[in-house]
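The next block holds one structure in the form of structure tokens; read it before the comments.
4 protein chains.
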Amino acid sequence: MDATRTLPDPEVGRLLVSCEDGPGIVAAISGFLHARGANIVQSDQQTTDPVGGRFFLRIVFRMPELPQWLPALEEEFAAEVAERFAMSFRMRAASVPTRVALFVSRYDHCLLDLLWRWRRGELLVDVVQVVSNHPDLQKEVASFDVPYAHIPVTRDTKPEAERQQAELLEGRVDLVVLARYMQVLTGGFLERIGVPAINIHHSFLPAFAGAGPYEQAKTRGVKLVGATAHYVTEDLDEGPIIEQDVARVSHRDRVADITRRGADVERNVLARAVTWHCEDRVLLDGHSTIVF
Amino acid sequence: MDATRTLPDPEVGRLLVSCEDGPGIVAAISGFLHARGANIVQSDQQTTDPVGGRFFLRIVFRMPELPQWLPALEEEFAAEVAERFAMSFRMRAASVPTRVALFVSRYDHCLLDLLWRWRRGELLVDVVQVVSNHPDLQKEVASFDVPYAHIPVTRDTKPEAERQQAELLEGRVDLVVLARYMQVLTGGFLERIGVPAINIHHSFLPAFAGAGPYEQAKTRGVKLVGATAHYVTEDLDEGPIIEQDVARVSHRDRVADITRRGADVERNVLARAVTWHCEDRVLLDGHSTIVF
Amino acid sequence: MDATRTLPDPEVGRLLVSCEDGPGIVAAISGFLHARGANIVQSDQQTTDPVGGRFFLRIVFRMPELPQWLPALEEEFAAEVAERFAMSFRMRAASVPTRVALFVSRYDHCLLDLLWRWRRGELLVDVVQVVSNHPDLQKEVASFDVPYAHIPVTRDTKPEAERQQAELLEGRVDLVVLARYMQVLTGGFLERIGVPAINIHHSFLPAFAGAGPYEQAKTRGVKLVGATAHYVTEDLDEGPIIEQDVARVSHRDRVADITRRGADVERNVLARAVTWHCEDRVLLDGHSTIVF
Amino acid sequence: MDATRTLPDPEVGRLLVSCEDGPGIVAAISGFLHARGANIVQSDQQTTDPVGGRFFLRIVFRMPELPQWLPALEEEFAAEVAERFAMSFRMRAASVPTRVALFVSRYDHCLLDLLWRWRRGELLVDVVQVVSNHPDLQKEVASFDVPYAHIPVTRDTKPEAERQQAELLEGRVDLVVLARYMQVLTGGFLERIGVPAINIHHSFLPAFAGAGPYEQAKTRGVKLVGATAHYVTEDLDEGPIIEQDVARVSHRDRVADITRRGADVERNVLARAVTWHCEDRVLLDGHSTIVF
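Right under this line is the structure:
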């Protein structure tokens, strides 16, 4: 049972905008929505610099019979507002789940946490596929009624493996989540898939980038370990950061303890990042993110 | 020296609005500002309930020669926008410091932290007066060049003391901050002063309301102690909460240790609450607050 | 797979002691252990007051062939040391799992988190039984190969239900964990079971004791919500606190959001409390706890 | 006034021990103390590895007329216990303040926080000297009745400046604290002074080591910024870490805001590190620390 489940309201829509700042943008957008009977429920706007900065906006609006009007609304917004201000924008119904593929290797904590949040209705997604380079978590995933594709990856088979992965997912997903997937995705794969990918890195980036961060943390004697969720780019560990958090460790903790402590942070940070992404809260600002 | 001091931009203004929700409010406001050449730099809007809720908005805008236009802008906004939607609103130049009176008894940590943040330019206020029922902190306050009014308060002299306090402050301050002032302000005093008052309560309200919260915390064996900054109302410890935070304590901590640990939380929480109030981030929503 | 699993060392033992403070206690205990070839690996000692306080000690020691010597060691310690200082003590092999019964109603988050930590080897317990007053989580629990006893409880059937529960568990468990079990256990039941019980309360006690804490938190407009793990006593919500934590909430969060946020804190706090209890880190000091 | 001040008990002593682990160490130490009428009030012991690890111990004890017996006690301990186990140890009266020199450049927040904690009796130190390469904070420091040595440092005058500093401090201090002192101390200086030095680094080391960490944090778009207190070694930013903490930042924060946020973390982290050092809670374990 889940007492906290609340059905998403089908008449609620979300609009995300980014463009060069200039006068009249909010007035144009809000005027556009008002003229079509849409009521703004929540909005956040940020200009990175009062002079010559970039403009970022997230609007949650409510509009009677949104589902049937949405395509026209989007088209009209493009023509009447977006073009004029050279905007990038995204408009969609808040009630439509984001279609997600979860990639995992052998650690189950991030994967299970996302699956569990999804099942209890906390995360508005459709998990359409789990992809793994190992067979270990097959049974676990089956209990959530999600298909599990075991696609082994070696140095030699990587191109072929990525081809299989891409074929499996192309057009079926809006987001790829690397829930402790220990393989690097190539730029070619990301381009072909054409949807964003979120990775959880088990360190407080940029500290301890690379392999074995918890071992590094122990060696260096740090008092906090962290995790970082970021968009995947071709530059390993360098993509725009969405969320980070830390946990306290002490001299008493061995690497195994630190790893466990870190696992708790990883699953929380990744869950927050995925939730925010699916709620359209994250906008890209060059190499960093705006999180509304 | 303070490398972080940045002079406030005199052309930046802030507008706060609350009213019953309804269609077209954002469009009306942003249209109004756009028509006068004001550019919205940042905005946050929240409607408490999509149906029949209340509307809250904070806008930071930039307008050439704001200081000279502000009075007219305010008047026109009242006539053209606010009346139509039955709004409460506040409009002011972001560069004008909030005039503050600090009340204190004998604990110095909250007072000194605010004075120090003010001196280093972190807090855009004018501390016009310190009021205390004890003489202890006189010398300390003098080093900040702030007048110190020592007005003793006993049960018998309270009405007379409050009369003196009111006379001293009336029309001179925009905010009263109780920085560990151990006397209760009467409703009559608050009404006469006519400006908001913020208090720091040394517990995680509503737990341990009343006297000796750290002693209570020790007795109950809690693992975290907290502090709460809230607006002062006639109902002691019941005013709308602005900010709260906690610190970890353990069985090793005696009441004195907990009190010290708590003092660190108190000064941080109060500083955040005062900063947010002075940046017009806090709006009242019945008995609670919206903090943008 | 679980890379963090480390097999418990069968030669490691733990000794917990509490008594009136007095001279020579540590010397007597460490002399006793040394004489039997036991090496102290870790120890924590705390006297609540240098004069007339109580003495608390936790020692982790390593002793060749501990399993075969433990019964004799315990007996000799009782005769040679404990009696002399009127100690309460507990001595046991660190490698022996604590036998646990998990009670749950319908919320799954605390239950699943404990089962998952157990399965991945993070929690050294044997979950011997799940008891619920509802059938909802039966299938979920079955996937962990743990027996599920569905024992409905109404006001009228409570005595009979508790009799069934006690019969089921008597002599089979070392610890009862109430993982969001929405029924109050009677003093009679606790006495009959004769083992400690840990409960997770979904508020930052003593704030918001009683029903609907997250609704209360929303109404009061608090900025943090918390959870409290405590030993169960006959006085509801008044037992010794083991662990607490909080999460930040804002005006944007509805009761459902706060409840979800709270659920994350609940499962973390309960997992820590159970872990610490099973690692013999928690000692009772009247109504509060020492957590080494 | 400071209600939390508690006079240190002159009969309380502290003993710190580190050595190779082996059987009978705790028994030998506690037997030694017991035989001399010292009662152990608190103790923490940790062996880094059950087999072949290092042994670390901190004991707080109470002994009648400690001040007059301490020199003999120390000598006997060296002869009877320390030598046998090849121990490093430190024994001292808990009531004797640590003599401290504070080094600062121009940022006042860490310096003032330490001075203020000292004045209110929170920090058991004697601040015997402030040393600065700038004159800016002279007046501020004077109000605490602490001598202020203004010793400018340029690339050319550095050897001479360090000679002056060393002459000023040699034999007068037990600890040097770099409270945002922007000059690197040479190994020669540290050796000549012969006491430990604690530095506060304004980043979450090892991330953003080097100059301008908050600028780096902004550029990289991190969601948390941190501070690190560590012992100073010849390898810049590489000394053993004593304490770390973080604060949350967002896309809204400019570098100036991040710097302020960071300053709050810096002063807290440094105050904790200095407090723990002065309470003899920190032991060195190679390149990392044990903090009891």
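Line order of the protein sequences matches chains A, B, C and D. The working numbering applies: residue 1 is where the first sequence begins, and numbers increase by one. The working numbering applies: residue 293 is where the second sequence begins, and numbers increase by one. The working numbering applies: residue 585 is where the third sequence begins, and numbers increase by one. The working numbering applies: residue 877 is where the fourth sequence begins, and numbers increase by one. Beta carbons: idealized from backbone N, C-alpha and C, even for Gly. Keep in mind that this is a model prediction, so the values were computed, not measured.
State the beta-bridge partners of residue i as determined by DSSP.
| i | result |
| --- | --- |
| residue 234 of chain A | Beta-bridge pairing links residue 234 of chain A to no other residue. |
| residue 785 of chain C | C/812 |
| residue 604 of chain C | C/638 |
| residue 440 of chain B | B/422 |
| residue 936 of chain D | D/890, D/918 |
| residue 709 of chain C | C/682 |
Using a beta-carbon distance below 7 angstroms, is residue i in contact with chain B?
| i | result |
| --- | --- |
| residue 333 of chain A | Look at the range of chain A in this structure, 1 to 292, and you will see that residue 333 of chain A is not part of it. |
| residue 149 of chain A | no |
| residue 31 of chain A | yes |
Starting from residue i and walking both ways along the beta strand (DSSP E), at which residues does that stretch end?
| i | result |
| --- | --- |
| residue 1119 of chain D | 1117 to 1124 |
| residue 628 of chain C | 623 to 631 |
| residue 385 of chain B | 380 to 385 |
| residue 1167 of chain D | 1164 to 1167 |
Using a Cβ-Cβ cut-off of 7 angstroms, state whether residue i counts as contacting chain A.
| i | result |
| --- | --- |
| residue 844 of chain C | yes |
| residue 727 of chain C | yes |
| residue 339 of chain B | yes |
| residue 485 of chain B | no |
| residue 326 of chain B | yes |
| residue 557 of chain B | no |
Can you tell me where the alpha helix (DSSP H) with residue i in it begins and where it stops?
| i | result |
| --- | --- |
| residue 1133 of chain D | 1131 to 1154 |
| residue 1095 of chain D | 1089 to 1096 |
| residue 141 of chain A | 138 to 142 |
| residue 175 of chain A | It is not in any alpha helix (DSSP H) - residue 175 of chain A instead sits in the beta strand (DSSP E) that spans 175 to 178. |
| residue 868 of chain C | Per DSSP, residue 868 of chain C belongs to no alpha helix (DSSP H); it is in the beta strand (DSSP E), 866 to 869. |
| residue 1034 of chain D | 1034 to 1045 |
| residue 774 of chain C | 771 to 777 |
| residue 1187 of chain D | Chain D is shown only over 877 to 1168; residue 1187 of chain D falls outside these bounds and no answer can be derived. |
At a Cβ threshold of 7 angstroms, is residue i touching chain C?
| i | result |
| --- | --- |
| residue 122 of chain A | yes |
| residue 539 of chain B | no |
| residue 533 of chain B | yes |
| residue 1106 of chain D | no |
| residue 893 of chain D | no |
| residue 564 of chain B | no |
| residue 903 of chain D | yes |
Taking 7 angstroms as the threshold (beta carbon to beta carbon), is residue i in contact with chain D?
| i | result |
| --- | --- |
| residue 607 of chain C | yes |
| residue 580 of chain B | no |
| residue 251 of chain A | yes |
| residue 781 of chain C | no |
| residue 565 of chain C | Past the boundaries of the shown model lies residue 565 of chain C; chain C is included only from 585 to 876, so the question cannot be answered. |
| residue 628 of chain C | yes |
| residue 666 of chain C | no |
| residue 866 of chain C | no |
| residue 676 of chain C | no |
Please list, in chain order, the chain F residues whose beta carbon lies closer than 9 angstroms to that of residue i.
| i | result |
| --- | --- |
| residue 496 of chain B | Considering every chain present, this structure includes no chain F. Its protein chains are A, B, C and D. |
The ligand PLP and residue i: does the residue's C-beta get closer than 6 angstroms to at least one heavy atom of that ligand?
| i | result |
| --- | --- |
| residue 584 of chain B | By its list of ligands, the structure shown contains no ligand whatsoever, and the ligand PLP lies outside what it can speak to. |
(request) For the stretch 770 to 786 of chain C and the stretch 697 to 704 of chain C, state whether three or more C-beta atom pairs, one from each stretch, are separated by less than 8 angstroms. (result) no
(request) State whether the stretch 592 to 605 of chain C contacts the stretch 665 to 676 of chain C, with contact taken as three or more CB pairs (one from each stretch) at a distance under 8 angstroms. (result) yes
(message) I want to know whether the stretch 102 to 112 of chain A touches the stretch 69 to 84 of chain A - three or more CB-CB distances under 8 angstroms.
(response) no
(request) Identify every run of the alpha helix (DSSP H) within the stretch 63 to 122 of chain A, keeping only runs that are complete inside it and at least 4 residues long; order them along the chain. (result) 66 to 77, 109 to 119
(message) Three Cβ pairs or more, each shorter than 8 angstroms: is that satisfied between the stretch 994 to 1004 of chain D and the stretch 1144 to 1160 of chain D?
(response) yes
(message) Below 8 angstroms, how does it come out for the stretch 495 to 505 of chain B and the stretch 781 to 798 of chain C: are there three or more Cβ pairs, yes or no?
(response) yes
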